[in-house]
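Below is one structure; the comments refer to it alone.
2 protein chains.
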Amino acid sequence: MRNLTQDTITQAVLGRLAQTPDPRLKEIMTSLVQHLHAFAREVRLTEDEWFKGIEFLTACGHKTDDKRQEFILLSDTLGLSMLTVAMNNDKPQGCTEATVFGPFHVENAPHYEHGEDVANGAPGEPCIVRGSVRGLEGEAVPGATIEVWQADADGNYDVQYEGQGEHRARGVLHAGPDGRFHFRTIRAEAYPIPHDGPVGDLLRATKRHPWRPAHLHFMITAPGYERLVTHVFRDGDPYLDSDAVFGVRQSLVADWKQQADGSYLLEFDFVLAPERPAGRRQGAAAAKAAA
Amino acid sequence: MRNLTQDTITQAVLGRLAQTPDPRLKEIMTSLVQHLHAFAREVRLTEDEWFKGIEFLTACGHKTDDKRQEFILLSDTLGLSMLTVAMNNDKPQGCTEATVFGPFHVENAPHYEHGEDVANGAPGEPCIVRGSVRGLEGEAVPGATIEVWQADADGNYDVQYEGQGEHRARGVLHAGPDGRFHFRTIRAEAYPIPHDGPVGDLLRATKRHPWRPAHLHFMITAPGYERLVTHVFRDGDPYLDSDAVFGVRQSLVADWKQQADGSYLLEFDFVLAPERPAGRRQGAAAAKAAA
Numbered sequence: 004m005r006n007l008t009q010d011t012i013t014q015a016v017l018g019r020l021a022q023t024p025d026p027r028l029k030e031i032m033t034s035l036v037q038h039l040h041a042f043a044r045e046v047r048l049t050e051d052e053w054f055k056g057i058e059f060l061t062a063c064g065h066k067t068d069d070k071r072q073e074f075i076l077l078s079d080t081l082g083l084s085m086l087t088v089a090m091n092n093d094k095p096q097g098c099t100e101a102t103v104f105g106p107f108h109v110e111n112a113p114h115y116e117h118g119e120d121v122a123n124g125a126p127g128e129p130c131i132v133r134g135s136v137r138g139l140e141g142e143a144v145p146g147a148t149i150e151v152w153q154a155d156a157d158g159n160y161d162v163q164y165e166g167q168g169e170h171r172a173r174g175v176l177h178a179g180p181d182g183r184f185h186f187r188t189i190r191a192e193a194y195p196i197p198h199d200g201p202v203g204d205l206l207r208a209t210k211r212h213p214w215r216p217a218h219l220h221f222m223i224t225a226p227g228y229e230r231l232v233t234h235v236f237r238d239g240d241p242y243l244d245s246d247a248v249f250g251v252r253q254s255l256v257a258d259w260k261q262q263a264d265g266s267y268l269l270e271f272d273f274v275l276a277p278e279r280p281a282g283r284r285q286g287a288a289a290a291k292a293a294a
Numbered sequence: 004m005r006n007l008t009q010d011t012i013t014q015a016v017l018g019r020l021a022q023t024p025d026p027r028l029k030e031i032m033t034s035l036v037q038h039l040h041a042f043a044r045e046v047r048l049t050e051d052e053w054f055k056g057i058e059f060l061t062a063c064g065h066k067t068d069d070k071r072q073e074f075i076l077l078s079d080t081l082g083l084s085m086l087t088v089a090m091n092n093d094k095p096q097g098c099t100e101a102t103v104f105g106p107f108h109v110e111n112a113p114h115y116e117h118g119e120d121v122a123n124g125a126p127g128e129p130c131i132v133r134g135s136v137r138g139l140e141g142e143a144v145p146g147a148t149i150e151v152w153q154a155d156a157d158g159n160y161d162v163q164y165e166g167q168g169e170h171r172a173r174g175v176l177h178a179g180p181d182g183r184f185h186f187r188t189i190r191a192e193a194y195p196i197p198h199d200g201p202v203g204d205l206l207r208a209t210k211r212h213p214w215r216p217a218h219l220h221f222m223i224t225a226p227g228y229e230r231l232v233t234h235v236f237r238d239g240d241p242y243l244d245s246d247a248v249f250g251v252r253q254s255l256v257a258d259w260k261q262q263a264d265g266s267y268l269l270e271f272d273f274v275l276a277p278e279r280p281a282g283r284r285q286g287a288a289a290a291k292a293a294a
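Protein sequences, first through last, are from chains A and B.
Following my numbering from start to finish, the first sequence increments by one per residue and tops out at 294.
Following my numbering from start to finish, the second sequence increments by one per residue and tops out at 294.
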């Protein structure tokens with residue numbers, strides 16, 4: 004295997020993957036190498052451009068730590084995250100739609116009881132959130148684990164504050180016996196994704212804005228049901244049609260109603276998909292793609 | 004732009020790139036997004052696999068510092084580096100072929116005079132290297148800058164030694180008035196690319212060995228000529244046909260002859276391509292691809 008040319012190298016690399024024991028890894032690497040090489044050939048990538056790519060990935064890696072995930076931001080802004088979500092969440096009709104996970108979830112958020120304030124001091128307009136978790140047949144899902152997280156009035160998640168060790172505007176609750184829940188928080192506001200790193204540089208170079216419409220993140224899990232990762236968006240937000248990460252679904256846009264006392268009320272009912280055997284989640288999508 | 008599906012999201016992302024002022028950046032990003040999405044669709048990437056990819060890139064970034072370049076290792080082992088070199092170095096017949104740059108070049112290597120020992124204490128079999136730098140018409144290229152770097156007898160470059168601040172087995176020389184040069188060093192040995200990081204994990208998972216055949220790196224520059232980045236390989240090396248980074252070219256394999264005193268002698272003559280206007284370097288290759 005000497006003297007490989009631009010016409011023969013792809014097959015040579017694929018040949019080197021032939022002994023991969025895990026068939027799925029082999030499938031993924033084979034496709035990845037083919038598309039990576041096809042990209043380089045299509046644009047006739049120069050050596051300087053190749054090196055800029057190396058430097059860009061390096062900068063993303065160095066920007067990433069336990070509070071900042073530049074590669075997720077990159078995936079989000081290139082639409083790869085939403086594409087992956089769309090392929091893997093072709094849920095039955097009537098279920099709440101999924102959207103991107105984002106880079107701001109943290110493990111071990113504090114637990115709250117119904118009615119408590121998850122804001123925990125985060126600045127913002129007071130807001131009450133209430134709703135229910137049900138299955139496709141309308142059945143309540145008692146005890147469902149509901150994790151919420153959001154940006155504050157300044158457009159920041161708690162993890163974006165330097166030296167701020169406390170969990171704010173995030174928490175974990177459990178649905179009651181009737182599948183219902185309620186908690187206090189602050190009104191979510193639109194915010195720019197972190198753009199002081201290489202992904203921000205890329206957005207500027209492509210004349211894209213970094214804004215996401217206001218939203219409250221939910222991750223809901225319960226035995227017998229598929230995990231739901233989604234947001235509820237705020238109706239009227241100017242960025243609903245140009246979300247920097249392509250995550251808006253009309254069914255997730257809700258009216259956050261201002262009350263007589265000036266506070267806000269968000270009501271939203273979630274419908275979980277029944278758990279399906281592995282591989283089934285993509286079934287309907289794959290069938291459509293083949294059609 | 005709401006409710007994007009796996010069938011509509013790619014066009015939506017491309018639309019978001021429409022205002023990119025730099026046409027080349029727009030071309031590259033457009034192609035990149037299309038191939039990235041095509042890859043995800045082709046393998047029907049799951050959310051867990053997507054997250055493993057994020058973790059893999061993060062680990063590559065965290066492994067990379069001023070002495071270790073995991074993204075170059077990744078590009079090298081996926082054949083992207085050699086593909087890029089091949090596309091950009093379609094030199095006229097008779098010129099010395101190029102190969103991969105690799106991750107071990109450092110700026111500001113020490114200067115040496117002819118006959119001096121660039122090894123500077125690096126362990127290995129003594130070796131004399133001599134040769135010439137010429138142009139396509141056979142003309143000497145006096146004063147050409149010749150940068151060399153290599154691994155030692157233990158298969159390590161100087162930068163791979165923890166806390167070893169000295170430059171060893173690397174240096175910069177200049178061709179004499181007749182285009183000739185000679186210096187002392189150590190015999191290059193085969194070595195495994197650094198495989199204690201995520202790229203090493205990937206090689207193991209795909210049952211690939213990390214070895215590169217023994218080689219001495221050269222980067223040669225001179226006004227009026229194209230920069231040449233190449234290696235000279237050692238004939239008889241067992242890894243010449245399975246170089247982990249796909250870089251071997253038969254024209255770069257030389258006999259490193261053992262002398263009566265036990266030391267080695269490598270003789271190699273380099274032929275530089277004349278400088279061509281920007282865009283011309285890929286000309287011949289592009290014409291072939293179109294044919």
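Ideal placement from N, C-alpha and C gives every residue a C-beta, glycine not left out.
Hey, is residue i's beta-carbon within less than 9 Å of any beta-carbon in chain A?
i: residue 253 of chain B; result: yes
i: residue 259 of chain B; result: no
i: residue 40 of chain B; result: yes
i: residue 125 of chain B; result: no
i: residue 239 of chain B; result: no
i: residue 52 of chain B; result: yes
i: residue 133 of chain B; result: no
i: residue 24 of chain B; result: yes
i: residue 99 of chain B; result: no
Please state the DSSP three-state secondary structure of residue i.
i: residue 40 of chain B; result: helix
i: residue 245 of chain B; result: coil
i: residue 289 of chain B; result: Low confidence applies to residue 289 of chain B: its pLDDT is 45, below 50, so where it sits in the model is not reliable enough to give any reading.
i: residue 196 of chain A; result: coil
i: residue 83 of chain B; result: helix
i: residue 236 of chain A; result: strand
i: residue 122 of chain B; result: coil
i: residue 129 of chain B; result: strand
i: residue 77 of chain B; result: helix
i: residue 256 of chain A; result: strand
Give a yes or no on whether the C-beta atoms belonging to residue i and residue j are separated by under 9 Å.
i: residue 175 of chain A; j: residue 150 of chain A; result: yes
i: residue 129 of chain A; j: residue 190 of chain A; result: yes
i: residue 232 of chain A; j: residue 101 of chain A; result: yes
i: residue 88 of chain B; j: residue 81 of chain A; result: no
i: residue 272 of chain B; j: residue 137 of chain B; result: yes
i: residue 160 of chain B; j: residue 152 of chain B; result: yes
i: residue 295 of chain B; j: residue 250 of chain B; result: Only positions 4 to 294 of chain B appear in the structure, and residue 295 of chain B is not among them; the question remains open.
i: residue 144 of chain A; j: residue 225 of chain A; result: yes
i: residue 77 of chain B; j: residue 201 of chain B; result: yes
i: residue 53 of chain B; j: residue 41 of chain B; result: no
i: residue 125 of chain B; j: residue 187 of chain B; result: no
i: residue 18 of chain A; j: residue 4 of chain A; result: yes
i: residue 269 of chain B; j: residue 132 of chain B; result: yes
So is residue i in contact with chain B if we call contact Cβ pairs under 9 Å?
i: residue 75 of chain A; result: yes
i: residue 32 of chain A; result: yes
i: residue 153 of chain A; result: no
i: residue 277 of chain A; result: no
i: residue 130 of chain A; result: no
i: residue 221 of chain A; result: no
i: residue 196 of chain A; result: no
i: residue 122 of chain A; result: no
i: residue 215 of chain A; result: no
i: residue 288 of chain A; result: Caution applies to residue 288 of chain A, whose pLDDT of 43 falls short of 50 and renders its modelled position unreliable; the model cannot decide the point.
i: residue 78 of chain A; result: yes
i: residue 193 of chain A; result: no
In the DSSP assignment, what residue or residues form a beta bridge with residue i?
i: residue 261 of chain A; result: A:267
i: residue 184 of chain B; result: B:134
i: residue 148 of chain B; result: B:177 and B:224
i: residue 273 of chain B; result: B:136
i: residue 214 of chain B; result: B:195
i: residue 71 of chain B; result: B:68
i: residue 219 of chain A; result: A:235
i: residue 143 of chain B; result: B:137
Any heavy atom of the ligand GDP closer than 8 Å to the Cβ of residue i?
i: residue 61 of chain A; result: Ligands displayed in this structure: none; no statement on the ligand GDP is therefore possible.
Notebook entry, point to check: Is the stretch 107-122 of chain A touching the stretch 41-59 of chain B in the sense that three or more CB pairs, one from each, lie closer than 8 Å?
Noted result: no
Note to self: Under 8 Å, with one C-beta from each stretch per pair, do the stretch 87-95 of chain A and the stretch 150-163 of chain A reach the 3-pair mark?
What the structure shows: no
Note to self: Could you check whether the stretch 57-72 of chain A touches the stretch 236-244 of chain B, counting it as contact only if at least three pairs of C-beta atoms, one from each stretch, sit closer than 8 Å?
What the structure shows: no
Notebook entry, point to check: On the three-pair Cβ rule with 8 Å, is the stretch 215-227 of chain B touching the stretch 179-198 of chain B?
Noted result: yes
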